[in-house]
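A.B. asks: Chain order of the listed sequences is A and B. Just so you know, we're using the working numbering here: the first sequence kicks off at 1380 and counts up by one. Just so you know, we're using the working numbering here: the second sequence kicks off at 1380 and counts up by one.
Protein chains: 2
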Amino acid sequence: MIMLTDKEIVERLVKIGIKVLDDLKKGENPALNIPLRSLRNVYYDENTGLIKLKDSFQERYYFNIGQSKKFMQTILIADRIKWLVEQNKTLSIRQLFYTLKHTIPGFKENTFDSQDESDPIIEDIEVLINVLRENLNLFASSKGVLAGPMTIIDSGDEIDISKLGSAGYGVPGIVEPDVIKFKDCSADYVLVVEKDAVWARLNEDKYWKKNNCLLLTGKGQPSRAERRILRRLHNELKLPVYVFTDMDPWGYYIYSVYKQGSINLAYFSEKSGVPNAKFLGFKMSDVKNFEMPQDSFIKMGDQDYKRLKELSSYAWFQTKEWQKELKELKKFGNKIEQDALVMKGIEFAAKEYLPKKIENKDWI
Amino acid sequence: MIMLTDKEIVERLVKIGIKVLDDLKKGENPALNIPLRSLRNVYYDENTGLIKLKDSFQERYYFNIGQSKKFMQTILIADRIKWLVEQNKTLSIRQLFYTLKHTIPGFKENTFDSQDESDPIIEDIEVLINVLRENLNLFASSKGVLAGPMTIIDSGDEIDISKLGSAGYGVPGIVEPDVIKFKDCSADYVLVVEKDAVWARLNEDKYWKKNNCLLLTGKGQPSRAERRILRRLHNELKLPVYVFTDMDPWGYYIYSVYKQGSINLAYFSEKSGVPNAKFLGFKMSDVKNFEMPQDSFIKMGDQDYKRLKELSSYAWFQTKEWQKELKELKKFGNKIEQDALVMKGIEFAAKEYLPKKIENKDWI
Chain A
1380 MIMLTDKEIV
1390 ERLVKIGIKV
1400 LDDLKKGENP
1410 ALNIPLRSLR
1420 NVYYDENTGL
1430 IKLKDSFQER
1440 YYFNIGQSKK
1450 FMQTILIADR
1460 IKWLVEQNKT
1470 LSIRQLFYTL
1480 KHTIPGFKEN
1490 TFDSQDESDP
1500 IIEDIEVLIN
1510 VLRENLNLFA
1520 SSKGVLAGPM
1530 TIIDSGDEID
1540 ISKLGSAGYG
1550 VPGIVEPDVI
1560 KFKDCSADYV
1570 LVVEKDAVWA
1580 RLNEDKYWKK
1590 NNCLLLTGKG
1600 QPSRAERRIL
1610 RRLHNELKLP
1620 VYVFTDMDPW
1630 GYYIYSVYKQ
1640 GSINLAYFSE
1650 KSGVPNAKFL
1660 GFKMSDVKNF
1670 EMPQDSFIKM
1680 GDQDYKRLKE
1690 LSSYAWFQTK
1700 EWQKELKELK
1710 KFGNKIEQDA
1720 LVMKGIEFAA
1730 KEYLPKKIEN
1740 KDWI
Chain B
1380 MIMLTDKEIV
1390 ERLVKIGIKV
1400 LDDLKKGENP
1410 ALNIPLRSLR
1420 NVYYDENTGL
1430 IKLKDSFQER
1440 YYFNIGQSKK
1450 FMQTILIADR
1460 IKWLVEQNKT
1470 LSIRQLFYTL
1480 KHTIPGFKEN
1490 TFDSQDESDP
1500 IIEDIEVLIN
1510 VLRENLNLFA
1520 SSKGVLAGPM
1530 TIIDSGDEID
1540 ISKLGSAGYG
1550 VPGIVEPDVI
1560 KFKDCSADYV
1570 LVVEKDAVWA
1580 RLNEDKYWKK
1590 NNCLLLTGKG
1600 QPSRAERRIL
1610 RRLHNELKLP
1620 VYVFTDMDPW
1630 GYYIYSVYKQ
1640 GSINLAYFSE
1650 KSGVPNAKFL
1660 GFKMSDVKNF
1670 EMPQDSFIKM
1680 GDQDYKRLKE
1690 LSSYAWFQTK
1700 EWQKELKELK
1710 KFGNKIEQDA
1720 LVMKGIEFAA
1730 KEYLPKKIEN
1740 KDWI
């Protein structure tokens, strides 16, 4: 990904305003040409292994009763982002909303009534100028944690993330190279685990130390920051990525978000996906291979079957291996959570399951 | 608080089992005498300023059709906790559930069907042997972040939490003195902020550096770990505590949880409350004093009024100052979120609001 300088970002934003002004001067109806972000403008690119945006656009007009307010909001947000980038300050997307919410003088109308109005427009601007929100100094909450043999420079502070005890390195909301730099790293791979508690268990067992790897969790469905840092670890440090989730449609999908990206943020996938990521498990063949006790099984419910059906239809799950896995899970009719491995012994995941899986390349 | 050694904890657990065995040998019906944790067994202790448990108990009998299963579950969990403490390993409360869930041989009945059954029994055992879950090596997810001029020793790693960049120190699930030690700290006070985004904003503005304090957030309603670490910072390092939340009933309640404790975990309050904590704001007098723009007001809804009424009735909100605050808020009819301060300028909270409030002792 080409990183733009703040100056270049400001130029792109200013260009939007100048075009609007020019249109007005020429007596034309100013329009913004915004790439569509809905499902019908999304496709799976087999060459790159990523979910991408197609090239449909929507025109957003100034002189259009249905679009005029949104047009104004777009310009307001573009203007405020310009101000933010120039000041070199960051704001949460909620705070951005607050800085812009006001009553239009002489009217009873508010510029914005709720954050539901401003968040999608931030995404419009990301695709409009092809710059990630994170480079526009805007962040949302993150929640992930990372540990391993690595030194990170975060806002000028040098942090040895092998020495952060039980806490680990809390992945901040923005992990772009201007804020977060990778200094030294001797890890052989990155292990991503779905859940916080599994991360804590493996961290306590010093899994990453014994296996010389990085250990990351996004605490369930990852936010943008965990996806971005994983991508950077993979691309910049050439580290293989293994993902370990629950054996259920939700866990499989979390894996696919790290790998191919998500439907909702297709334009972000290109900048956050790791197409080479491997799915370690938990998977159907593990049930027998590791002799999982019947007491670890949880009956699948209607929602699980529904989600499983959706997954089976996604283009990025159309490989032979995945179709087999999904079919077998449906037939099996039970989920297994990754936490359940403690039933086999408290250090079973760290000492048996994970090392064997990786050694035997037992992944999808 | 008196810290028990692992040996003493094991002794208390073993005592439970021995009493049950003795009762059985004597031909008596074994019973566990468990302190009640419901609202009617909770009171506000004005002397200590903490929400506490009264002394009602419930008997849990072995030979009682309605209680027999729960009796068995209690013994199973006590046994498994003993095993955990002896091994010196930690588990999440979810993982504990998994290690115990199984089908009883010869029956179709499971020991536990869901975690909703095991979590309350963990709390029963906490009150039964008067030891915190955290000392029983059990944890739930935490989410808080801390930064400031301080060195923490976490599981043997020495961590300078003034050098953790934008990430800060992620408060781990267990912050008891055997895992987390406070080494050096030159801070003058602890500022607790309700929200993540406000924490990030203040961290970026180096608020804690300029004002020589610790900056903590529990990201909304705090989990046990943030409450425990705050209590330890206050008690062990004698640091004053200031809390900064939204101006709404939910923010006020969050403040009261840090200060007096919560109804649900009254027995935990004694070990986590900070009765001297001050409420900095956001509060009604700030609206005028800081000339908050009308656009920062959010109309209160039915749920807000309902919660406000509940708060007004709690014993720990019966001070003159609080009753005045709550009445004024009701009359005002608007909430103000702490994020809204950015409307007054991006660094307004860090450079104007907070320093002035603390200098003028403008708190409740």
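A virtual CB, placed ideally from N, CA and C, is assigned to each residue, including glycine. Note that the coordinates shown come from a computational prediction; the quantities given were computed from them, not determined experimentally.
Among residues of its own chain, excluding the 5 on either side of Val1399 (chain A), which ones have a beta-carbon nearer than 6 Å to its beta-carbon?
C.D. replies: Excluding residues within five positions, the ones whose Cβ falls inside 6 Å are Pro1409.
A.B. asks: Keeping to the same chain, check which residues put their C-beta closer than 7 Å to that of Glu1649 (chain A); ignore five residues upstream and five downstream.
C.D. replies: So the list reads Leu1429 and Lys1431, once near-sequence residues are dropped.
A.B. asks: Out of curiosity, what's the CA-to-CA distance linking Phe1661 (chain A) and Tyr1693 (chain A)?
C.D. replies: In a straight line, the C-alpha of Phe1661 (chain A) is about 20 Å away from that of Tyr1693 (chain A).
A.B. asks: Could you tell me which of A:Phe1711, A:Lys1740 and A:Leu1690 sits nearest to Gln1702 (chain A), measuring between CA atoms?
C.D. replies: Nearest of A:Phe1711, A:Lys1740 and A:Leu1690 to Gln1702 (chain A), Cα basis: A:Leu1690.
A.B. asks: Any chance you could list the alpha helix (DSSP H) runs of at least 4 consecutive residues sitting entirely within the segment 1607 to 1681 of chain B, in chain order?
C.D. replies: Complete alpha helix (DSSP H) runs here, min 4: 1628 to 1638, 1645 to 1648 and 1663 to 1668.
A.B. asks: For Asn1412 (chain A), which beta-bridge partners are listed by DSSP?
C.D. replies: In the DSSP output, where bridge partners are listed per residue, Asn1412 (chain A) has A:Glu1438.
A.B. asks: To the nearest angstrom, how far is it from the Cα of Trp1742 (chain A) to the Cα of Ile1531 (chain B)?
C.D. replies: Those two C-alpha atoms are separated by around 39 Å.
A.B. asks: Could you tell me if Pro1556 (chain A) is buried or exposed, where buried requires 16 or more neighbouring beta carbons within 10 angstroms of its beta carbon?
C.D. replies: It counts as exposed.
A.B. asks: Rounding to the nearest angstrom, what Cα-Cα distance links Ile1460 (chain A) and Ile1483 (chain A) in this structure?
C.D. replies: Cα to Cα, the separation comes out at about 20 Å.
A.B. asks: Along chain B, in chain order, which residues have C-beta atoms closer than 8 Å to that of Tyr1732 (chain A)?
C.D. replies: Those within 8 Å of Tyr1732 (chain A) in chain B number zero; the least Cβ separation is about 14 Å.
A.B. asks: Got a sec? Which residues, its chain only, sit under 7 Å from Tyr1422 (chain A) by beta carbon, not counting five neighbours each side?
C.D. replies: Lys1431 and Lys1433.
A.B. asks: In whole angstroms, what is the alpha-carbon distance linking His1613 (chain B) and Lys1706 (chain B)?
C.D. replies: Distance between the alpha carbons of His1613 (chain B) and Lys1706 (chain B) is about 31 Å.
A.B. asks: Once DSSP output is grouped into helix, strand and coil, what is the label at Met1380 (chain A)?
C.D. replies: Confidence at Met1380 (chain A) is low in this model, with a pLDDT of 44, below 50, so the placement of that residue should be treated as unreliable; the coordinate-derived value is given next. Three-state DSSP puts Met1380 (chain A) in coil, outside helix and strand.
A.B. asks: Could you say which of A:Pro1528, A:Gly1547 and A:Asp1584 lies nearest to Cys1564 (chain A) if we only look at CA atoms?
C.D. replies: For Cys1564 (chain A), the nearest C-alpha among the options comes from A:Pro1528.
A.B. asks: Within 10 angstroms of its Cβ, does Phe1442 (chain A) collect 16 or more other Cβ (buried), or is it exposed?
C.D. replies: Exposed, since its Cβ has fewer than 16 Cβ neighbours within 10 Å.
A.B. asks: Within 8 Å (strictly less), CB to CB, does Gly1547 (chain A) reach chain B?
C.D. replies: True, the Cβ-Cβ gap to chain B drops below 8 Å.
A.B. asks: For Gln1639 (chain A), would you say it is in contact with chain B, using Cβ-to-Cβ distances shorter than 8 Å as the test?
C.D. replies: No, its Cβ sits nowhere closer than 8 Å to a Cβ of chain B.
A.B. asks: Using beta-carbon positions only, say whether Ile1472 (chain B) and Leu1517 (chain B) come within less than 8 Å of one another.
C.D. replies: Taking 8 Å as the Cβ cut-off, Ile1472 (chain B) and Leu1517 (chain B) qualify as a contacting pair.
A.B. asks: Which first and last residues belong to the beta strand (DSSP E) in which Val1569 (chain A) is found?
C.D. replies: That run of the beta strand (DSSP E) goes Val1569 to Val1572.
A.B. asks: Pick helix, strand or coil for Val1421 (chain B), following the three-state DSSP scheme.
C.D. replies: Looking at Val1421 (chain B) - three-state DSSP - the assignment turns out to be strand.
A.B. asks: Hey, how far is the Cα of Leu1581 (chain B) from the Cα of Thr1469 (chain A)?
C.D. replies: Their Cα atoms are separated by approximately 11 Å.
A.B. asks: With DSSP collapsed to three states, give me the class of Ala1526 (chain B).
C.D. replies: Reduced to three states, the DSSP call for Ala1526 (chain B) is strand.
A.B. asks: How is the beta strand (DSSP E) around Leu1595 (chain A) delimited, first residue to last?
C.D. replies: Leu1595 (chain A) -> beta strand (DSSP E) spans Leu1593 to Thr1596.
A.B. asks: Assess contact between the segment 1487 to 1501 of chain B and the segment 1542 to 1556 of chain B, defined as three or more Cβ pairs (one per stretch) separated by less than 8 Å. Is contact present?
C.D. replies: No, because fewer than three Cβ pairs between the segment 1487 to 1501 of chain B and the segment 1542 to 1556 of chain B fall closer than 8 Å, the two stretches do not touch.
A.B. asks: Using Cβ-Cβ distances below 9 Å, what residues of the segment 1583 to 1612 of chain B are close to chain A?
C.D. replies: Here the close residues are Glu1583, Asp1584 and Lys1598.
A.B. asks: How is the beta strand (DSSP E) around Lys1449 (chain B) delimited, first residue to last?
C.D. replies: Taken as a continuous stretch (DSSP letters only), Lys1449 (chain B) belongs to no beta strand (DSSP E), being part of the alpha helix (DSSP H) at Ser1447 to Gln1466.
A.B. asks: Take the Cβ of Leu1418 (chain A) as the centre, count every other Cβ of all protein chains shown within 10 Å, and call the residue buried at 16 or more, exposed below.
C.D. replies: With fewer than 16 other Cβ atoms within 10 Å, it is exposed.
A.B. asks: Give the secondary structure of Ser1471 (chain B) by DSSP, where H, G and I count as helix, E and B as strand, and everything else as coil.
C.D. replies: In the structure shown, Ser1471 (chain B) sits in a strand (DSSP, three-state: E or B).
A.B. asks: Ala1604 (chain A) to Gly1630 (chain A), Cα distance in whole Å?
C.D. replies: Looking at the two C-alpha atoms, the distance is approximately 19 Å.
A.B. asks: Let me see if you follow: with CB-CB separation under 8 Å, is Pro1409 (chain B) close to chain A or not?
C.D. replies: False, the Cβ-Cβ gap to chain A never drops below 8 Å.
A.B. asks: By a C-beta neighbour count over all protein chains shown, 10 Å radius and 16 as the cutoff for buried, is Ile1504 (chain B) buried or exposed?
C.D. replies: By the neighbour-count rule (16 or more Cβ atoms within 10 Å), Ile1504 (chain B) is buried.
A.B. asks: Mind pulling the chain D residues with CB within less than 8 Å of Lys1522 (chain B)?
C.D. replies: Protein chains A and B are contained in the structure displayed, whereas chain D is not.
A.B. asks: Which residue marks the beginning of the alpha helix (DSSP H) containing Phe1711 (chain B), and which one marks its end?
C.D. replies: Lys1699 to Phe1711 is the extent of the alpha helix (DSSP H) around Phe1711 (chain B).
A.B. asks: Tell me which residues of the segment 1558 to 1580 of chain B have at least one Cβ-Cβ distance to chain A shorter than 9 Å, keeping chain order.
C.D. replies: Per Cβ criterion, the list reads Val1558, Ile1559, Lys1574, Asp1575, Ala1576, Val1577, Ala1579 and Arg1580.
A.B. asks: For the segment 1438 to 1463 of chain B, which residues have a CB atom closer than 7 Å to at least one CB atom of chain A, in sequence order?
C.D. replies: Cβ contacts with chain A: none found.
A.B. asks: Going by DSSP in three states, Glu1513 (chain B) sits in which element: helix, strand or coil?
C.D. replies: Three-state DSSP puts Glu1513 (chain B) in a helix.
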